[in-house]
Every structure is written in C-alpha cells, then in structure tokens.
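Since the structure comes first, as structure tokens, the remarks are kept for the end.
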Ligand SMILES: NC(=O)c1ccc[n+]([C@@H]2O[C@H](COP(=O)([O-])OP(=O)(O)OC[C@H]3O[C@@H](n4cnc5c(N)ncnc54)[C@H](O)[C@@H]3O)[C@@H](O)[C@H]2O)c1
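In this note's numbering, the protein residues as written are 7 to 250.
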C-alpha cells in the first residue's frame, strides 16, 4: 500500500526538476496526480496515474482551469503542491519592474490564487495538504536576488496564514526550503564544475541536492506521516543554511 493511496494531487512546475520528481513519486505512492506546466513544456510521463495540463499558472484563468481539471478527473482534491517557479539575477539598480513583477506573479501571486481556489476542496477532503516550494533564499539572500528573495519570503508568510486559517478544517500548509538542487533552474550554473563544487562544498553533506531529495520531503508533508506538521518552513538543503 502506497503512502498516498487514494489521494488526489496537483503539482505545478511538473515538467522538470523538483516538480517532475514529486509528481512521479506521488504517483508511485498511489496518488492520482495532475501535472501542470507551461504550454510547450515536456509533460510526458510513463505512469498512467499522472494526467497533465499545459497551463501558465500566472494567467488569470489558471486557478479555475487547474482545479476544474483535477476535480473532473479525480472527483476531488487532497494535495496541492505549489512548486512552479522562476528565478532571476540582477543587482537592485538593474532589476526592472517587469523582472520583479514576473517573479512575484509566478512564485507568489499564482501560488496564492491556486491555493485560494483549491481551499474549499482541501477542506472537503478531510486530509487536505498545501505544500509550497520556497527556498533557502526566503531566509537568506545573495547578490542579485532582490525579486527572488522577496517572492520566496512572501511564500513563507503566505503559507503560515493558510496554515492558521485552514487548520481547523484539518488542512495542513507547509513550505519546503530547498538548498542548491541540480535542476533545470540551476543547470546553467552547475554545468560549470567549479560552481557545482563550490555549492556542494558549502553544504554540510558536501553534495548538491537532487530533485528526489525534495520530492521525498514533499511526500512526507503530503502523507499521513506529516499529518501534525503545519505552518512550517522546512529546510531541505543538506545543511547549507547552517553557516550561510
Ligand atoms: N533548483 C534549486 O536549487 C532551487 C532552490 C530553491 C528553490 N527552488 C525552487 O524549486 C521550484 C522548482 O524549480 P526547479 O529547481 O525544479 O527548476 P526547474 O526549472 O527544473 O522547474 C521549474 C518548472 O516550473 C515551470 N514553470 C515556471 N513558470 C511557470 C508558469 N508560469 N506556469 C507553469 N509552470 C511554470 C517550468 O516550466 C519548469 O518546468 C521553484 O519554485 C524554485 O524556485 C529551486
């Protein structure tokens, strides 16, 4: 028996990296999963328990379309994993309104709107779970990350409010704070051995994270194992934050 037997999940940003690993792990543990990513992204999966939706999550109609598709396909919704995200790097003085707004729109606003839309279904579920992928940059920062850090810190603040308001209905809400993970987002940096080695060395565990490292944490939060955990920002970073 899988740890998510009978559960119905949405995972955003599911074409690549952490989202793909999570959609596949959730499905392998018995969940039916709606895998959402941008039009044109690779949404091919081997597991028939995964259905797909090509949808830009930042569009106005996205929350309605995503929740309707999940409810049509599965008859309800138990888990929403708000994982899709974008990054960008520019000094404060060179960060345009457009770049700032784009990161807030995708990383924060879209996650808020989808969670708000899904909330009544999570309440109905009885075992509702909201999960967000924030970042260690919600707590820390680096040069060039003004918009990214703002968006991820916002995710953590938002998550706590969902946790507080929905807790009485049995819904948990938590955020995962990944460290340096080898995914599509970081490929351009980590293809350089010296940059990959630098980030691996910063972590107590002396390696980069893999998408499955984060997916396993999401599985914990999504499953009954995480049933009394709510309002938490969980670092899954190999010990990177110990001395950032
Ligand atoms: N890789 C890391 O080191 C790291 C560290 C901390 C946090 N994160 C966070 O992890 C999450 C997943 O990123 P990843 O590292 O797996 O990168 P990734 O680029 O491999 O995956 C991100 C996915 O999100 C999708 N996406 C982006 N904008 C979208 C939109 N508007 N609509 C629908 N889908 C959209 C992309 O198409 C992509 O498939 C992000 O929120 C990211 O900020 C990553």
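Just so it is clear, CB atoms sit at the ideal spot from N, CA and C, and this is done for glycine as well.
Just so it is clear, the structure is predicted and the values come from calculations on it, not from any experiment.
May I ask which residues mark the beginning and end of the alpha helix (DSSP H) holding residue i?
i	result
residue 92	No alpha helix (DSSP H) holds residue 92; DSSP gives it neither H nor E.
residue 213	Neither: residue 213 is in no alpha helix (DSSP H) and is coded neither H nor E.
residue 167	152-172
residue 128	116-131
residue 108	103-109
residue 200	199-208
residue 230	Segment: none, residue 230 is in no alpha helix (DSSP H) and carries neither H nor E.
residue 251	Given that the chain is displayed from residue 7 to residue 250, the structure contains no residue 251 and the question cannot be resolved.
residue 196	193-196
residue 31	23-34
Beta-carbon within less than 7 Å of residue i's beta-carbon, same chain only, minus the 5 sequence neighbours each way: which residues are those?
i	result
residue 258	This structure cannot speak to residue 258, because the chain is shown only from 7 to 250.
residue 61	42, 68, 71 and 72
residue 82	14, 127, 130 and 131
residue 201	195
State the start and end residues of the unbroken beta strand (DSSP E) segment that holds residue i.
i	result
residue 177	No beta strand (DSSP E) holds residue 177; DSSP gives it neither H nor E.
residue 56	56-60
residue 42	38-43
Per DSSP, what are the beta-bridge partners of residue i in this structure?
i	result
residue 241	183
residue 138	88 and 181
residue 73	None; residue 73 has no bridge partner.
residue 17	41 and 87
Considering only residues of the same chain and omitting the five flanking positions on each side of residue i, which have a CB-CB separation below 6 Å?
i	result
residue 53	33
residue 136	86, 121, 168 and 179
residue 38	14, 55 and 80
residue 9	35 and 229
residue 76	16, 40 and 83
residue 160	114
residue 102	none
residue 106	153
Keeping to the same chain, check which residues put their C-beta closer than 8 Å to that of residue i; ignore five residues upstream and five downstream.
i	result
residue 48	21 and 22
residue 281	The displayed coordinates of the chain run from 7 to 250. Any statement about residue 281 would go beyond what the structure contains.
Is the shortest distance between the beta-carbon of residue i and the beta-carbons of chain C less than 8 Å?
i	result
residue 35	Looking for chain C here will not work: only one protein chain is present.
Taking one C-beta from the segment 77-91 and one from the segment 16-23 each time, how about it: are there three or more such pairs within less than 8 Å?
Result yes; three or more Cβ-Cβ pairs closer than 8 Å.
Does the segment 24-33 come close enough to the segment 215-233 that 3 or more CB-CB pairs lie under 8 Å?
With the rule of 3 Cβ pairs closer than 8 Å, the segment 215-233 counts as touching the segment 24-33.
Taking contact to mean at least 3 C-beta pairs separated by less than 8 Å, is the segment 184-204 in contact with the segment 145-157?
With the rule of 3 Cβ pairs closer than 8 Å, the segment 184-204 does not count as touching the segment 145-157.
Under 8 Å: do the segment 123-131 and the segment 165-180 share three or more Cβ pairs, one atom per stretch?
By the criterion of at least three beta-carbon pairs nearer than 8 Å, the segment 123-131 is in contact with the segment 165-180.
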